[in-house]
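Undergrad:
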Amino acid sequence: MSTGGGAPRWGYLAEFDSVDALLAACEKVRDAGFVKFDAFAPFPIHGLDEAMGIRTSRLPAVVLGGGVTGAGAALLLQWWTNAVDYPYRISGKPFFGLPVAIPITFELTILLAAVGGFVGLMIANRLPQLYHPVFESARFRARATTDRFYVAVRADDPRFDPDGTRSFLEAAGARSVERLEEE
Amino acid sequence: MSAAPYLPDNTIEAPGTRAPLVLGDNDFASVTEKVCGIVERPKPPRWWYAAFAVSSALTAVLLALMGYLFMVGIGVWGVMIPVGWGFAIVNFVFWVGIGHAGTLISAILFLFRQKWRTGINRFAEAMTIFAVMCAGLFPAIHTGRPWFDYWLFPYPNQMYLWPNFRSPLLWDVFAVSTYFTVSLLFWYTGMVPDLATLRDRAKTRARKIVYGILSLGWRGSGRHWHRYERTYLMLAALATPLVLSVHSVVSFDFAVAQLPGWHSTIFPPYFVAGAIFSGFAMVITLIVPVRSYFGLHDLITARHLDNMAKITLATGLMVAYSYGIEFFMAWYSGNQYERFALVNRALGPYAWAFWIMMTCNVAAPQAFWFRKVRQTPWMLVTVALLVNVGMWFERFVIVVSSLSRDYLPSSWGYYKPTWVDLGTLAGSFGLFFFLFLLFLRFGPMIAMAEVKSVMPAAGLEHGPHHGHGQYWGEIPHQHDVQRGDARP
């Protein structure tokens, strides 16, 4: 933790008033080599992930895993319960048949894939997390989910410099740059 | 009720230009203001209280009649031999069908990049959730012994029994519960950013706490949005086959049986088309008055209504085609029982129900060929209401007319609903509107974040894009003006 004169404890929060300004600023922050920074927007923005240099997430693998688990579990469940543990003839149907098992297999595939996607999203995003340092900013609380865009650069980024980073953000087009002191 | 303001006509197709989806003098802040303003007014409008009183009363009727049913047994209903499936199953199929439009709008139109969906998807998804809740009620109570419902689930038990997975009725349990769960996840995931907006604007302590918890601490982080967009896209891709599967599985309840009039391979697609048809009719029925009462004409534009009417017309034609094919197959199969079942449908004791169905489902939606009808709110609602009635009767015709006259003439009968049946049907509408009115009062009924992302200021025209914000390819550098300003 930097303890130097003007360094904020958590970092700087810069406010921008348009999508274009945010994208341009993110590209600059990315190109300057910062890694511990984040952008904030009230809606998903086309190209923000590239401007921030975010790599593709691994969530699709989680969803695939959920789907495969669901399909496997459904087949095993139907086969074991109706053909092994408690076999009984009904309407002359075989104890287990793939066509007749498809609907439930399909449903459980979708169910576990979707639940996996949702839970994976929550874990990857570390949500629910009701408190975050950016909420200390009154400006952020008032407009971040309505019509303003923000970039936060953390003080523990290796390239962080109390004065240099502030003027860098101002030069990148920020309307204002705030210090965030709370962890 | 606010009068419709003058807005430019965005239903005209101009090649090469994208029709605006948000009209009027709106920016991001005004979209938030409009949508949140509805939830934040200190008191709901007077019509809301009236509607809420009626729907609460009907919900109470539903609960009372359920209590009566559980105490006395299903003899209080009109079901008998041979018609063992009466209103309960008709209502179940009807309500599940209503739900389908919500998932179609939220998932299928999302995959097809239909940007206009953003104005209506939240609303339609809420309708889905509440309709599926009403639907799920009926199978749960239709045996009159809901305390045995847990037998449907495969769990190790002291009876050493397992459910019969070879029965379509069990498939239904899995299909409907999966459908409900996935729809709920999809709806909630989409709503989290908007709940965060409500949280940030909340004035009272109770609202701060409730919206604070529901929004999970969402802060609009770019890294979160990135994963959120991926997940949303995947949930849409999962919900798309799911919505087609649910009514297919419901149709298996009929199609797998041997009964003439049920035993048909066209049932799955026919049921899905019918479900989407009825669902869109219900969205139109609900959204036109809400749009007008809350003055949302610039977010839910004439183009949105026009598009919904077109989809209703298209699915209505598919339903009409299915009706035709049913008759053709009955004739072409050469099977005397099939032929009898279909002739009996059109000319037998339930001919009145059949002709209500034909009038409402085949004739009425043809009005949507006319631009005038698609763009006049009261005409839209009139046709949509007729379709709602017709689609309920379709399920009545399928269930009741087929069962009442099967192979053996000595066991034929005529099913009549009792007052309990009618009261329960009315009560299910009460429950639906009860939940819906609460949602209108406390939830963000338009997906603000998504609407903002299709506004010109969001940079939608930056090039090809996938999902809400998924961007593949070069970023055109249109930021130079901003950069110029910022340069020291």
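Residue numbers (this note's numbering), protein chains in the order written: chain X, -2 to 180; chain B, 253 to 740.
Even glycine gets a Cβ: it sits at the ideal position worked out from N, Cα and C.
Evaluate residue 644 of chain B with the Cβ neighbour count: other Cβ atoms within 10 Å of its Cβ, from every protein chain shown; 16 or more gives buried, anything less gives exposed.
TA: By the 10 Å Cβ count, residue 644 of chain B comes out buried.
Undergrad: Under three-state DSSP, which class holds residue 274 of chain B?
TA: Coil at residue 274 of chain B, not helix or strand.
Undergrad: For residue 647 of chain B, which option in B:310, B:665, B:348 has the closest C-alpha, if you only look at C-alpha atoms?
TA: Nearest option by C-alpha distance: B:348.
Undergrad: Use the C-beta contact count for residue 122 of chain X: other C-beta atoms within 10 angstroms, 16 or more gives buried, fewer gives exposed.
TA: Classification for residue 122 of chain X: buried.
Undergrad: With a threshold of 16 other CB atoms inside 10 Å of the CB of residue 624 of chain B, please say whether the residue is buried or exposed.
TA: Burial call: exposed.
Undergrad: Closer than 7 Å, CB to CB, is residue 60 of chain X near chain B or not?
TA: Yes, residue 60 of chain X counts as interfacial toward chain B.
Undergrad: For a contact defined as C-beta to C-beta under 7 Å, what are the partners of residue 33 of chain X on chain B?
TA: By Cβ distance, chain B contributes nothing, its closest Cβ being about 11 Å from residue 33 of chain X, past 7 Å.
Undergrad: For residue 494 of chain B, does the count of other Cβ atoms within 10 angstroms reach 16, so buried, or fall short, so exposed?
TA: The residue in question, residue 494 of chain B, is buried, as its Cβ has 16 or more Cβ neighbours within 10 Å.
Undergrad: Residue 459 of chain B to residue 373 of chain B, Cα distance in whole Å?
TA: The alpha-carbon atoms of residue 459 of chain B and residue 373 of chain B are separated by roughly 24 Å.
Undergrad: Using a Cβ cut-off of 7 Å, pull out every chain B residue sitting near residue 103 of chain X, in sequence order please.
TA: Here the neighbours are 497.
Undergrad: If you count every other CB in all the chains shown that lies within 10 Å of the CB of residue 403 of chain B, and 16 or more means buried, which is it?
TA: Exposed, since its Cβ has fewer than 16 Cβ neighbours within 10 Å.
Undergrad: Excluding five sequence neighbours on each side, which residues of the same chain lie with their C-beta closer than 6 Å to the C-beta of residue 352 of chain B?
TA: Within the same chain, residue 352 of chain B has close Cβ partners 495, 527, 528, 531.
Undergrad: Report yes if the CB atom of residue 682 of chain B is closer than 7 Å to the CB atom of residue 429 of chain B, and no otherwise.
TA: No.
Undergrad: Quick one: does residue 697 of chain B have its CB under 7 Å from some CB of chain X?
TA: No - not a single Cβ of chain X is within 7 Å of the one on residue 697 of chain B.
Undergrad: Do we get a CB-CB distance below 7 Å when we pair residue 51 of chain X with the residues of chain B?
TA: Chain B, which has a Cβ nearer than 7 Å to the Cβ of residue 51 of chain X, makes this yes.
Undergrad: Name the two residues that bound the continuous beta strand (DSSP E) containing residue 285 of chain B.
TA: Looking at the DSSP string, residue 285 of chain B is not in any beta strand (DSSP E); the run it does join, the alpha helix (DSSP H), is 280 to 292.
Undergrad: Out of B:708, B:668, B:523, which one is the CA nearest neighbour of residue 570 of chain B?
TA: The candidate whose alpha carbon is nearest that of residue 570 of chain B is B:523.
Undergrad: Closest Cβ-Cβ distance between residue 107 of chain X and chain B: below 7 Å?
TA: It does: the Cβ of residue 107 of chain X has a partner Cβ on chain B nearer than 7 Å.
Undergrad: Exposed or buried, what is residue 583 of chain B when buried is set at 16 or more other beta-carbons lying within 10 Å of its beta-carbon?
TA: So residue 583 of chain B ends up on the exposed side.
Undergrad: What residues match up with residue 11 of chain X in a beta bridge as DSSP calls it?
TA: Residue 11 of chain X pairs with X:148, X:174.
Undergrad: Are the Cβ atoms of residue 263 of chain B and residue 554 of chain B separated by less than 7 Å?
TA: Yes, Cβ-Cβ distance for residue 263 of chain B and residue 554 of chain B is below 7 Å.
Undergrad: On the three-state DSSP scale, how would you describe residue 473 of chain B?
TA: Three-state DSSP puts residue 473 of chain B in a strand.
Undergrad: Checking 7 Å against the spacing of the C-beta atoms, do residue 635 of chain B and residue 615 of chain B come in under that value?
TA: Taking 7 Å as the Cβ cut-off, residue 635 of chain B and residue 615 of chain B do not qualify as a contacting pair.
Undergrad: For residue 138 of chain X, decide whether its Cβ has a neighbour in chain B, counting only Cβ atoms nearer than 7 Å.
TA: It does: the Cβ of residue 138 of chain X has a partner Cβ on chain B nearer than 7 Å.
Undergrad: Between residue 134 of chain X and chain B, is the shortest Cβ-Cβ distance under 7 Å, so that the two count as touching?
TA: No, its Cβ sits nowhere closer than 7 Å to a Cβ of chain B.
Undergrad: Just list the alpha helix (DSSP H) runs in the segment 603 to 650 of chain B, keeping only unbroken ones of 4 residues or longer that don't cross its boundaries, in chain order.
TA: Those alpha helix (DSSP H) runs which fall completely within the segment 603 to 650 of chain B and span 4+ residues are 603 to 610, 623 to 626, 629 to 648.
Undergrad: Based on DSSP bridge pairs, tell me the residues matched to residue 34 of chain X.
TA: DSSP lists X:150 as partners of residue 34 of chain X.
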